[in-house]
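Worksheet: the structure to be examined is printed underneath.
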Amino acid sequence: MITAKFGGTSITARNLYHLKEIITPFHNCVVVSAVGKEHFADTKTTDLLREYFVTQSEGVWQQIGDKYRLLVEVNGIKTDVEELLRDAKSRALAFDMPYCASLGEELSAKIVAKYLNAKYVEAEQVVRFKKGKLQMRQTYANARKAFHGVNLGVIGGFYGGKDGGRETFSRGGSDVTGAILAAALNSSLYENWTDVNGVCVANPSRVHGVDTIESMSYDEMLLLSKSGAEVLHPDAVAPVEKKGIPIKIGNFLNPFGNSTLISHCPSQSKLLSIAEKRLGDKVVTTVLHTYAQWQIAAVVSEFLRSHSHTVNFFDRSAEVSQLCVYDVEFQPSIARLTTDVSILNSLYAVLSSKF
Ligand code: ASP
Numbered sequence: 000m001i002t003a004k005f006g007g008t009s010i011t012a013r014n015l016y017h018l019k020e021i022i023t024p025f026h027n028c029v030v031v032s033a034v035g036k037e038h039f040a041d042t043k044t045t046d047l048l049r050e051y052f053v054t055q056s057e058g059v060w061q062q063i064g065d066k067y068r069l070l071v072e073v074n075g076i077k078t079d080v081e082e083l084l085r086d087a088k089s090r091a092l093a094f095d096m097p098y099c100a101s102l103g104e105e106l107s108a109k110i111v112a113k114y115l116n117a118k119y120v121e122a123e124q125v126v127r128f129k130k131g132k133l134q135m136r137q138t139y140a141n142a143r144k145a146f147h148g149v150n151l152g153v154i155g156g157f158y159g160g161k162d163g164g165r166e167t168f169s170r171g172g173s174d175v176t177g178a179i180l181a182a183a184l185n186s187s188l189y190e191n192w193t194d195v196n197g198v199c200v201a202n203p204s205r206v207h208g209v210d211t212i213e214s215m216s217y218d219e220m221l222l223l224s225k226s227g228a229e230v231l232h233p234d235a236v237a238p239v240e241k242k243g244i245p246i247k248i249g250n251f252l253n254p255f256g257n258s259t260l261i262s263h264c265p266s267q268s269k270l271l272s273i274a275e276k277r278l279g280d281k282v283v284t285t286v287l288h289t290y291a292q293w294q295i296a297a298v299v300s301e302f303l304r305s306h307s308h309t310v311n312f313f314d315r316s317a318e319v320s321q322l323c324v325y326d327v328e329f330q331p332s333i334a335r336l337t338t339d340v341s342i343l344n345s346l347y348a349v350l351s352s353k354f
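Per numbering that gives the first Met the number 0, residue 0 is the first one in the sequence shown, and the count goes up by one each step.
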């Protein structure tokens with residue numbers, strides 16, 4: 000059986016119908032995020048809930064409510080959304096910030112369960128925390144019990160229960176819930192549905208025309224996640240890796256298009272990926288590759304020489320005439336550069352043309 004996790008962009012009024020294209024009789028567990036951004040300038044439900052907890056603004060609660068009203072209305076879901084919102088609001092300020100932030104996933108799961116004619120599974124009773132730490136064994140046992148004999152169950156990602164309240168994983172943590180559920184239920188596959196074509200050679204929202212990496216190992220994925228690739232939460236790797244369950248990262252907008260399969264098999268590509276992470280006012284760019292160290296070192300050195308005066312316009316730093324390089328580090332299969340501005344586009348252009 001398959002566990003599938005759907006990110007916030009898929010749980011929006013105009014995208015929800017894709018779930019019905021993707022879910023098959025082989026799926027038995029669906030993990031959902033809170034409603035995400037409807038458009039570029041929109042705010043995620045989780046951010047609105049956090050704001051509501053601080054400001055208690057009726058206007059902010061209205062925005063949250065409207066996202067779920069639209070989700071239900073556009074997709075013709077037969078559920079009393081006003082009652083769901085009233086119930087959520089009655090608990091939103093009664094506990095702490097994590098509790099309030101969890102309500103987006105709870106609402107999504109209740110609504111999606113109705114939409115898919117599936118069983119709603121309450122994450123608070125399955126995923127358990129104690130003193131901020133996930134209780135793995137208890138969580139696995141709860142998950143097996145909750146999904147036993149269930150054709151299709153829908154559970155909210157990102158949160159779980161603790162004595163007297165709820166706890167959340169860090170941001171993007173629905174990926175972690177998905178991995179835990181896949182491992183607990185011994186799924187044959189963990190599908191992670193996002194809005195990009197799997198894991199790409201560089202962040203596709205920053206670099207145009209990048210290819211999807213067809214397959215890579217858990218270790219390679221973990222390194223990329225830790226280096227700033229936002230496509231999968233780094234804590235989502237270990238639970239499935241331990242059981243050898245492959246992860247498929249696919250695009251819900253193009254379910255049969257390019258996707259990435261993560262398993263014990265390392266990638267076949269020479270230039271695997273370039274990821275970027277901001278650390279304060281510094282930018283760390285990590286290149287994962289299988290070239291000889293001298294080859295990559297030669298290209299990087301040439302890049303640095305030619306880019307110390309001009310920086311690619313796409314890095315949104317055209318006004319910077321001098322690239323400041325703080326550190327360059329070469330380890331087997333990894334090159335890491337620490338600079339003052341993003342070099343993602345320009346470094347990608349050089350590496351992909353050279354190799
Ligand atoms: N809704 C949470 C967030 O925005 C968790 C998730 O989407 O995975 O971070």
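Cβ atoms here follow ideal geometry from the backbone N, Cα and C, with glycine treated the same way.
Within the chosen limit of 7 angstroms, ligand 1 reaches the beta carbon of Lys43 through at least one heavy atom.
Ala33 has its CB nearer than 7 angstroms to a heavy atom of ligand 1. For ligand 1, no non-hydrogen atom lies closer than 7 angstroms to the CB of Asp162.
Look at Ser173: its beta carbon is less than 7 angstroms from one of the heavy atoms in ligand 1.
DSSP places Asp86 within a helical segment (H, G or I) once states are collapsed to three.
If you look at Asp326, you'll find it in the beta strand (DSSP E) that goes Val324 to Gln330. In this structure Phe251 touches Asp194 by the C-beta definition: roughly 7 angstroms separates them, less than 8 angstroms. Residue ranges of uninterrupted alpha helix (DSSP H) with 4 or more members, entirely inside the segment 145-195 and ordered along the chain, are 173-183.
In this chain, Leu270 is not harboured by any alpha helix (DSSP H); it is covered by the beta strand (DSSP E) spanning Leu270 to Leu278. Taken in chain order, the complete alpha helix (DSSP H) segments of 4 or more residues contained in the segment 111-138 are 122-125. Distances from the CB of Gly103 to the heavy atoms of ligand 1 include at least one below 7 angstroms.
Under DSSP, Leu287 shares a beta bridge with Ser272 and Ile333. For Asn27, the uninterrupted beta strand (DSSP E) run begins and ends at His26 to Val31, by DSSP. For the alpha helix (DSSP H) assignment, the uninterrupted runs of no fewer than 4 residues enclosed by the segment 196-283 are, from N- to C-terminal side, 217-225 and 237-242.
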